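This report concerns only the one structure given below.
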Amino acid sequence: MKKLINNAEDVTVEQLKGFGLACDDIDVHFDPNFVNVAGGVKDRVAIVSGGGSGHEPLHGGYVGLGMLDAACPGQVFTSPTPDQMFEAGKTVNGGRGILQIVKNYTGDVLNFQMAADMLRDEGIEVRNVIIDDDVALKDSLYTAGRRGLGTTVIAEKVCGAAAREGYDLDKLAALCKKVNIYGKSMGMALTSCTTPQNGTPSFDLPEDEMEIGIGIHGEPGTKRDKIKSADEVTAILAGRILEDEAYTRNLSEWDPAKGDWVDVEVTDITFQKGDEVIAIVNGMGGTPLSELYTVYAKLAELTAQHGVKIVRNLVGNYITSLEMAGVSITLVKTDEEILRLYDAPVKTPALRWGI
Amino acid sequence: MKKLINNAEDVTVEQLKGFGLACDDIDVHFDPNFVNVAGGVKDRVAIVSGGGSGHEPLHGGYVGLGMLDAACPGQVFTSPTPDQMFEAGKTVNGGRGILQIVKNYTGDVLNFQMAADMLRDEGIEVRNVIIDDDVALKDSLYTAGRRGLGTTVIAEKVCGAAAREGYDLDKLAALCKKVNIYGKSMGMALTSCTTPQNGTPSFDLPEDEMEIGIGIHGEPGTKRDKIKSADEVTAILAGRILEDEAYTRNLSEWDPAKGDWVDVEVTDITFQKGDEVIAIVNGMGGTPLSELYTVYAKLAELTAQHGVKIVRNLVGNYITSLEMAGVSITLVKTDEEILRLYDAPVKTPALRWGI
Amino acid sequence: MADARAGAGTVTGPMVRAWIEKSAEVLAENRKYLTELDSPIGDSDHGNNMDRGYKAVVEKLPEGDDIGAMLKSVAMSLISKVGGAAGPLYGTMFLDGSKPLIGKTVVSGEELAQFFADAINGVKKRGRSDVGMKTMLDALAPASDAFRAEFAKDGDMPASLKAAAAAAKQGMEATIPMQAQRGRASYLGERSIGHQDPGATSSYLILQAFSDAVEEAAK
Amino acid sequence: MADARAGAGTVTGPMVRAWIEKSAEVLAENRKYLTELDSPIGDSDHGNNMDRGYKAVVEKLPEGDDIGAMLKSVAMSLISKVGGAAGPLYGTMFLDGSKPLIGKTVVSGEELAQFFADAINGVKKRGRSDVGMKTMLDALAPASDAFRAEFAKDGDMPASLKAAAAAAKQGMEATIPMQAQRGRASYLGERSIGHQDPGATSSYLILQAFSDAVEEAAK
Ligand SMILES: Nc1ncnc2c1ncn2[C@@H]1O[C@H](COP(=O)(O)OP(=O)(O)O)[C@@H](O)[C@H]1O
Ligand SMILES: Nc1ncnc2c1ncn2[C@@H]1O[C@H](COP(=O)(O)OP(=O)(O)O)[C@@H](O)[C@H]1O
Ligand SMILES: [Mg+2]
Ligand SMILES: [Mg+2]
Ligand SMILES: [Mg+2]
Ligand SMILES: [Mg+2]
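Protein chains in written order, with my numbering: chain A, 1 to 355; chain B, 1 to 355; chain C, 1 to 219; chain D, 1 to 219.
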């Protein structure tokens with residue numbers, strides 16, 4: 001295993017330590033582990049997210065002005081535990097409730113639910129919004145449902161700006177759900193990756209093969225295929241995203257009236273001619289930036305063919321799987337509200353503009 | 001070879017195409033290949049840099065407001081040809097001369113010199129400033145001299161801000177030379193990397209070994225060693241940088257009075273107690289961001305022990321070798337001028353703040 | 001047919017403690033194995049998660065013979081140390097199962113059957129899952145049924161737990177040909193077929209540890 | 001002793017064209033080999049660079065028999081297509097060497113000796129380098145000396161170029177035990193010892209192509 005680490009058993013702690021030292025505006029806490037904007041939150045909704053480590057800059061890199069107020073990193077590829085979100089939530093609570101943005105992985109969903117219950121017991125209002133944008137997975141009845149991928153980054157950015165604008169908890173949760181149904185992603189891997197704890201690659205991938213339809217946990221995808229050119233790979237991913245049919249599923253959310261978790265039926269948009277989108281061409285961690293631009297070139301061509309216009313783009317490593325080589329593509333439809341909030345100032349370690 | 005490419009023979013063109021599509025404020029030109037700030041430069045010194053491709057975001061990712069005006073990418077790991085800098089220089093010339101920032105590799109130095117001669121023939125004043133900050137190399141008499149590493153990024157940032165402030169060509173070249181003698185770097189590799197043209201790794205590195213003292217061209221380092229912990233690796237690199245003795249060598253520069261290239265003796269600073277520095281913990285391309293924070297934690301400890309204070313930092317992929325796993329550390333001493341210019345607004349694909 | 005030994009047909013506080021400690025040992029021994037099972041159809045962490053969790057379980061286990069308190073403590077440790085899917089699921093399992101047992105230092109076969117039932121219902125509700133979906137439930141549910149059936153015969157606790165463990169093993173093996181419908185393995189669709197579920201395997205190991213601990217104590 | 005064949009002792013425009021074309025062929029054939037030589041002590045691109053460069057050289061080679069014009073065109077193509085260290089160095093070599101030959105369609109042995117001398121001086125100046133530093137100069141300089149010595153004997157052009165190529169080969173092999181003092185290989189310090197210099201190798205190949213081309217024409 002070739003890694004810049006000291007203690008394979010708990011790399012998260014040593015990495016968080018450096019993160020805290022490098023980032024002036026961010027406080028780092030241990031046991032339970034979480035990071036939050038220094039100074040806390042006053043008189044507005046606070047936004048908390050989290051998930052397994054190994055996806056950096058997600059989520060810690062998005063903590064800061066105009067984006068997340070706190071992030072809870074679990075062990076590598078393992079969702080965090082409820083006590084992390086409980087302490088993070090109490091720390092950043094600004095008296096107007098907490099929005100938890102949760103990627104749709106069984107572990108994340110369950111641990112954030114338990115945390116929400118614990119925070120609610122402390123008298124803090126909490127909404128969990130699930131991001132499930134991975135079009136590689138078709139049905140939700142016979143699977144754990146679509147995974148949360150790149151739309152998470154846009155949801156965190158847009159909701160962070162909205163919280164600063166003073167959106168209340170209900171309005172913010174509604175916005176976050178809108179971003180989720182507006183966003184679709186799909187990823188692929190050229191190589192596997194190795195968690196520090198295991199020391200060997202999570203799966204074997206021969207020199208001439210790739211995995212299509214991967215998540216972000218170093219797991220194999222929905223399909224294995226022979227390696228193809230960047231243009232062909234892009235056509236597969238973008239094609240599935242652009243042609244994805246309206247996807248309907250039940251998502252769990254807290255019903256404050258009922259005082260219980262309820263299932264709500266949700267249906268995604270489909271991309272239409274004339275749509276304007278934010279595009280992410282995201283590296284999985286071990287792919288050179290330059291290759292992502294080759295993918296972007298083809299993506300721009302394909303979206304144009306579909307009459308879909310890319311109005312903003314991010315090309316780089318935004319949601320990764322350690323040192324995996326590969327790419328994921330995300331398209332999020334925009335409207336006036338989303339674009340205004342996306343363009344609003346943001347100052348985090350990984351995303352910054354306007355300030 | 002596992003890469004997101006279409007045509008291994010000339011990946012640079014397809015990558016530049018996507019880069020141009022993704023970056024609204026940047027124009028891309030082919031044959032010869034270069035990128036420049038859209039709208040060009042008016043009535044101030046223009047700054048041009050370049051080098052082999054494969055180091056992204058260097059240099060194209062630093063083109064934009066407050067940093068480079070143009071960048072010339074060569075083939076992968078091969079310095080660009082003079083016609084590229086010639087055309088780029090003519091395109092961004094704002095009538096006040098051109099500063100070419102050149103990393104100290106024989107190919108870069110020679111090609112930029114030839115380009116300077118060609119531009120001068122067109123009546124454009126040009127200064128080449130060489131960055132040679134790699135402390136892994138001790139002497140310059142029996143080698144091609146120290147290589148250019150991370151200090152290049154800081155030189156481009158600081159000089160870009162100074163050009164916007166209206167520094168004239170002489171003052172700007174002097175500033176760039178100051179940044180160079182204020183900056184020291186050293187890198188290491190955990191893995192080799194593969195250029196698209198070759199399809200196989202540039203060198204073999206067994207599972208339990210690493211290369212210390214590498215450049216950025218996928219070449220072996222000055223020394224091979226058994227793999228060590230992140231703390232030990234950081235101690236080797238930071239130790240060499242912090243304890244590097246005053247390094248004296250001749251650097252070639254254009255003497256406008258003599259109308260010829262002359263050798264000028266230059267001596268680096270050594271780090272002193274009380275120095276304030278900008279620190280870069282730079283990933284070589286295939287190292288997860290999270291691991292760089294582990295390195296940063298140790299670096300912060302070691303600089304503090306030396307009485308050196310990190311006042312700004314960059315942690316991420318800034319000057320890479322394709323998908324190589326590894327890290328380089330750069331420390332650049334600051335003063336009022338450098339820090340003011342470093343903090344000035346910058347808006348490029350890879351570095352952005354204040355705007 | 002009444003057993004000659006004192007307290008046969010029951011599980012005592014020390015037995016539960018022995019079970020928990022044995023579980024921790026067995027999960028530590030099988031850490032790599034469980035993680036390897038989680039590699040082709042998951043994210044290669046199940047063994048790491050369970051080992052980390054049970055290490056914390058043993059560390060924080062309260063003194064005394066209160067079975068409900070011990071099992072609740074197991075739940076809380078797992079919830080706060082495992083993470084992933086297994087953390088809240090095993091946590092809920094022990095939490096929901098432990099509730100009727102708080103304050104009890106001896107538990108009857110009927111109470112233990114109820115413990116299994118409550119525990120399994122907790123997992124089903126939390127995980128929106130059921131038997132046949134290639135999860136821990138495929139080991140847990142047959143074990144619970146086997147325990148109830150065997151205990152009904154002659155109230156032999158060690159034999160009943162042995163039957164439970166055997167059923168869990170069968171259930172675990174039965175996950176191999178299944179296509180996963182919950183958890184990460186479900187993302188793989190048909191490619192999940194042919195692999196044994198890691199969670200069903202850890203469930204079997206925990207139940208086997210229960211059987212072994214009680215059998216040893218009963219000797 | 002005068003040679004019986006017409007124009008012996010000289011190099012003609014068509015011979016130079018044949019040399020250039022043969023160089024391109026040989027560099028294409030040895031592309032992988034040169035790049036492999038550049039791998040342990042460089043950045044694995046020398047063969048790619050030279051092949052790319054000479055492909056452009058052949059494409060842009062002007063019509064006609066003007067030897068100086070042809071060699072200058074070689075220089076300009078290499079400068080604008082090779083990049084790296086080899087581009088400007090080989091470019092300067094041909095540029096500086098070509099200057100006195102502009103307009104000439106036949107070149108004498110003395111003129112060719114001067115071409116070699118000018119070419120080598122160009123490389124030395126541009127590269128701040130000299131013989132013994134493990135560079136292309138270690139093939140070029142002995143070849144130039146051998147050519148001058150052999151031609152002085154009896155003015156046999158094919159034999160003199162053969163001697164030059166043989167000396168280049170020796171010089172190339174002599175780079176193996178050297179420690180590099182210029183170019184990327186110098187970064188490796190002592191680790192550069194034991195490897196043949198890629199630039200010396202391409203220089204040998206180009207000189208061998210010269211010898212072969214002239215020998216064939218002289219038949
Ligand atoms: N919805 C569910 N209901 C019951 N068990 C589940 C469910 N989802 C996952 N599991 C169990 O959890 C196991 C995986 O646990 P673990 O690897 O620790 O968590 P993660 O999948 O988050 O990495 C699976 O093998 C399966 O038995
Ligand atoms: N200063 C120099 N003088 C003469 N030859 C040099 C010098 N530097 C490098 N070379 C030659 O150039 C060769 C390397 O060329 P190439 O690999 O194409 O360029 P780069 O080193 O920029 O990748 C070396 O093998 C050496 O023979
Ligand atoms: Mg996991
Ligand atoms: Mg090169
Ligand atoms: Mg798992
Ligand atoms: Mg080379």
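Cβ coordinates follow ideal geometry from the N, Cα and C atoms, glycine included. Remember, predicted model here, so these are calculated numbers, not experimental data.
Between the beta-carbon of residue i and the beta-carbon of residue j, is there less than 7 Å?
{"i": "D65(C)", "j": "T105(C)", "result": "yes"}
{"i": "T294(B)", "j": "G18(A)", "result": "yes"}
{"i": "A167(D)", "j": "A200(D)", "result": "no"}
{"i": "P57(A)", "j": "L289(B)", "result": "yes"}
{"i": "G94(B)", "j": "P345(B)", "result": "no"}
{"i": "G107(A)", "j": "V48(A)", "result": "no"}
{"i": "G91(C)", "j": "L78(C)", "result": "yes"}
{"i": "D197(D)", "j": "T175(D)", "result": "yes"}
{"i": "L190(A)", "j": "K2(B)", "result": "yes"}
{"i": "A230(A)", "j": "N6(B)", "result": "yes"}
{"i": "G53(D)", "j": "V82(D)", "result": "yes"}
{"i": "L101(D)", "j": "S203(D)", "result": "no"}
{"i": "R148(D)", "j": "A119(D)", "result": "no"}
{"i": "D45(C)", "j": "R184(C)", "result": "no"}
Please return the same chain residues whose Cβ sits closer than 7 Å to the Cβ of residue i, not counting the five positions on each side in sequence.
{"i": "I206(D)", "result": "S23"}
{"i": "Q75(A)", "result": "T12, G52 and S53"}
{"i": "D25(A)", "result": "V37, A38 and G64"}
{"i": "Q181(D)", "result": "M133 and K134"}
Take residue i and list the residues in its own chain whose beta-carbon comes closer than 8 Å to its own, dropping the five residues that flank it on each side.
{"i": "G183(A)", "result": "I131, D133, G150, T151, I154, A155, T330, L331, V332 and K333"}
{"i": "M114(A)", "result": "P82"}
Excluding five sequence neighbours on each side, which residues of the same chain lie with their C-beta closer than 6 Å to the C-beta of residue i?
{"i": "R240(B)", "result": "V135 and M186"}
{"i": "V28(B)", "result": "L16, G20 and V35"}
{"i": "P14(C)", "result": "none"}
{"i": "N313(A)", "result": "A279"}
{"i": "A6(C)", "result": "Since pLDDT at A6(C) reaches only 36, below the 50 mark, its modelled position is unreliable, and the value read off the structure follows with that caveat. Excluding positions up to five away in sequence, the list is empty."}
{"i": "H217(A)", "result": "F77"}
{"i": "F210(C)", "result": "W19 and L161"}
{"i": "Q208(D)", "result": "A165"}
Which one or two residues does DSSP pair with residue i in a beta bridge?
{"i": "D27(B)", "result": "N36(B)"}
{"i": "S44(D)", "result": "According to DSSP, which records beta bridges pairwise, S44(D) is partnered with nothing at all."}
{"i": "G316(A)", "result": "N282(A)"}
{"i": "K124(C)", "result": "Per DSSP, none; premise fails for K124(C)."}
{"i": "G189(C)", "result": "In the DSSP output, where bridge partners are listed per residue, G189(C) has none listed."}
Query - Cβ contact check for the region 129-144 of chain B and the region 79-87 of chain B: 3 or more pairs under 8 Å - result: Flag = no, the region 129-144 of chain B and the region 79-87 of chain B do not touch.
Query raised in the report: Any contact of the region 320-340 of chain B with the region 23-43 of chain A, i.e. 3+ C-beta pairs under 8 Å?
Result: no
Report task. Please list the segments of the beta strand (DSSP E) lying wholly inside the region 137-166 of chain C, counting only runs of 3 or more residues, in order along the chain. Result -> none
Requested in this report: Mind the definition here: the region 106-125 of chain B touches the region 151-168 of chain D only if three or more C-beta pairs lie below 8 Å; say whether that holds.
Outcome: no
Query raised in the report: Can you find at least 3 beta carbon pairs, one from the region 193-210 of chain A and one from the region 265-273 of chain A, that sit closer than 8 Å?
Result: No, they do not touch.
Query raised in the report: Any chance the region 31-40 of chain D sits against the region 70-80 of chain D, with 3 or more Cβ pairs inside 8 Å?
Result: As far as the Cβ criterion goes, the region 31-40 of chain D does not touch the region 70-80 of chain D, which means the pair count is below three.
**Report entry** alpha helix (DSSP H) runs wholly inside the region 97-144 of chain A, at least 4 long, in chain order
**Finding:** List check, alpha helix (DSSP H) in window: 106-121.
**Report entry** alpha helix (DSSP H) segments (min. 4 residues) lying fully within the region 246-314 of chain A
**Finding:** Counting only unbroken stretches of 4 or more residues, the alpha helix (DSSP H) elements lying wholly within the region 246-314 of chain A are 289-305, in sequence order.
Query raised in the report: Do the region 223-239 of chain B and the region 296-305 of chain B make contact, defined as three or more Cβ pairs closer than 8 Å?
Result: yes
Query raised in the report: Is the region 208-218 of chain B touching the region 161-169 of chain B in the sense that three or more CB pairs, one from each, lie closer than 8 Å?
Result: no
**Report entry** Start-end ranges of the beta strand (DSSP E) lying completely within the region 168-216 of chain B, minimum 3 residues
**Finding:** 183-189 and 209-212
**Report entry** Minimum length 3: unbroken beta strand (DSSP E) runs contained in the region 28-87 of chain D
**Finding:** none
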